[in-house]
Amino acid sequence: MAKITRTNPEGISKPFSNYSHVVTAEGAQKLVFCAGQVGADADGKVLPPDDFEAQAKMVMGNLAKALAAGGAKIADVTKITIYICNPHDVPKA
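According to the working numbering, the sequence shown is numbered sequentially starting from 19.
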């Protein structure tokens with residue numbers, strides 16, 4: 019049976035509901051699952067809505083912290099979904 023671990027790493031804002039930022043499942047292999055990340059700092063302060071680049075950097079930084087808490091890194095990611103609200107930001111992605 020897999021060992022399930024849930025954690026909310028330092029440096030990422032507290033979850034706004036009843037979930038964990040990172041869940042690991044360890045059995046024959048180790049899997050790391052990360053909750054969706056937003057452009058907010060560790061205190062939960064959301065970056066300005068018109069600064070796509072700053073938000074994207076914050077999101078990827080938060081994701082890297084979440085992965086590290088699970089013993090993984092960005093290079094280990096096999097799937098990522100990115101939601102962009104403003105169509106004008108698509109070329110910047």
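Cβ coordinates follow ideal geometry from the N, Cα and C atoms, glycine included.
Distance CB(residue i)-CB(residue j) smaller than 8 Å
{"i": "Leu81", "j": "Val50", "result": "no"}
{"i": "Leu65", "j": "Gln55", "result": "no"}
Residues of its chain near residue i, where Cβ-Cβ distance is below 7 Å and the 5 sequence neighbours each way are ignored
{"i": "Ile30", "result": "His39, Ala60, Asn80, Lys83, Ala84"}
{"i": "Ile22", "result": "Val41, Ala43"}
{"i": "Cys185", "result": "Within the shown structure, residues of the chain are numbered from 19 to 111, placing residue 185 beyond reach of any answer."}
Span of the beta strand (DSSP E) around residue i
{"i": "Ala43", "result": "40–44"}
{"i": "Thr23", "result": "21–25"}
{"i": "Cys52", "result": "48–52"}
For residue i, the first and last residue of its enclosing alpha helix (DSSP H)
{"i": "Lys83", "result": "70–87"}
Supposed contact pair residue j and residue i - C-beta distance, whole angstroms, cut 8 Å
{"i": "Ala111", "j": "Ile98", "result": "With a Cβ gap of about 12 Å, Ala111 and Ile98 do not count as contacting."}
{"i": "Gly88", "j": "Met76", "result": "At roughly 19 Å, the Cβ-Cβ gap does not stay under 8 Å, so Gly88 and Met76 are not in contact."}
Beta-carbon contacts of residue i that lie in its chain and below 8 Å, excluding the five residues immediately before and after
{"i": "Asn104", "result": "Phe70"}
{"i": "Lys32", "result": "Asn26, Gly62"}
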